[in-house]
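**Student:** Protein sequences, first through last, are from chains A and B. With the working numbering applied, the first sequence corresponds to residues 1 to 89, in that order. With the working numbering applied, the second sequence corresponds to residues 90 to 178, in that order.
There are 2 protein chains.
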Amino acid sequence: QNGAASWYGSGHRTANGERFNPNGMTAAHRSLPFGTRVRVENKQTGRSVVVRINDRGPFVRGRIIDLSRGSARALGMGGTSYVSLHVID
Amino acid sequence: QNGAASWYGSGHRTANGERFNPNGMTAAHRSLPFGTRVRVENKQTGRSVVVRINDRGPFVRGRIIDLSRGSARALGMGGTSYVSLHVID
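1. Below 7 angstroms CB to CB, which residues in the same chain sit around G11(A) once its five sequence neighbours on both sides are set aside?
2. What did DSSP end up calling G92(B) once you bin it into helix, strand or coil?
3. Say whether chain B places a C-beta atom closer than 8 angstroms to the C-beta of M77(A).
4. Which one or two residues does DSSP pair with T115(B) in a beta bridge?
5. Could you tell me whether the Cβ of A74(A) comes closer than 8 angstroms to any Cβ of chain B?
6. Does any residue of chain B bring its CB to less than 8 angstroms from the CB of H12(A)?
7. Is there a Cβ from chain B that is less than 8 angstroms from the Cβ of Y8(A)?
8. When the cut-off is 8 angstroms and only beta carbons count, does N42(A) lie next to chain B?
9. Check S160(B) in the structure and name its three-state DSSP category.
10. Helix, strand or coil for H101(B)? Go by DSSP, reduced to three states.
11. Go to E107(B), then tell me how far its beta strand (DSSP E) extends in each direction, as first and last residue.
12. Judging by CA-CA distance, which residue of V140(B), V149(B), G151(B) is the nearest neighbour of R126(B)?
13. Rounded to the nearest angstrom, what separates V138(B) and R158(B) at their Cα positions?
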């Protein structure tokens, strides 16, 4: 299955009743059974990580998985970017 | 000024006393006066955005600006990534 992954860092309980741990290696998927382990490969960075499905989502068209912040970090998603700053007079 | 930009999406009040709006085009800088408008260019995406400094930070070595979530989105930072999924038996 190929498609877009998003990530989330807040929440209280996951759909399977666990306390949400933003730093855990977990993810939300619409249909895979809870407890399924999935290898997620980031096509942009080439990194991959194994996550455990413990939540339901993403409920946004065109996205196939919603990763915890920890999973997303391990994949090199959403980190820092190199920028230049110019003060405007 | 060139360097790494990070972003943040939560908080209550900014250092200048405003209510933090994650969707606003604002940023935290260590020394520029509050109210300064800065053009931030993302060297990776080529996109740029003008932000208003209303907070102090980032307090992490090697980072020069901490953008609101809205500013980061406008620069193409931290969105979705294209992934492939493989269920592990």
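Here a beta-carbon is modelled for each residue, glycine too, at the ideal position from N, C-alpha and C. Everything numeric in this text was worked out from a predicted model, so none of it was measured.
**Tutor:** According to the structure shown:
1. F20
2. strand
3. By this cut-off, M77(A) is an interface position.
4. R141(B)
5. Not an interface residue.
6. no
7. no
8. yes
9. helix
10. coil
11. No beta strand (DSSP E) contains E107(B), which DSSP labels as neither H nor E.
12. V140(B)
13. Cα-Cα distance, rounded: 13 angstroms.
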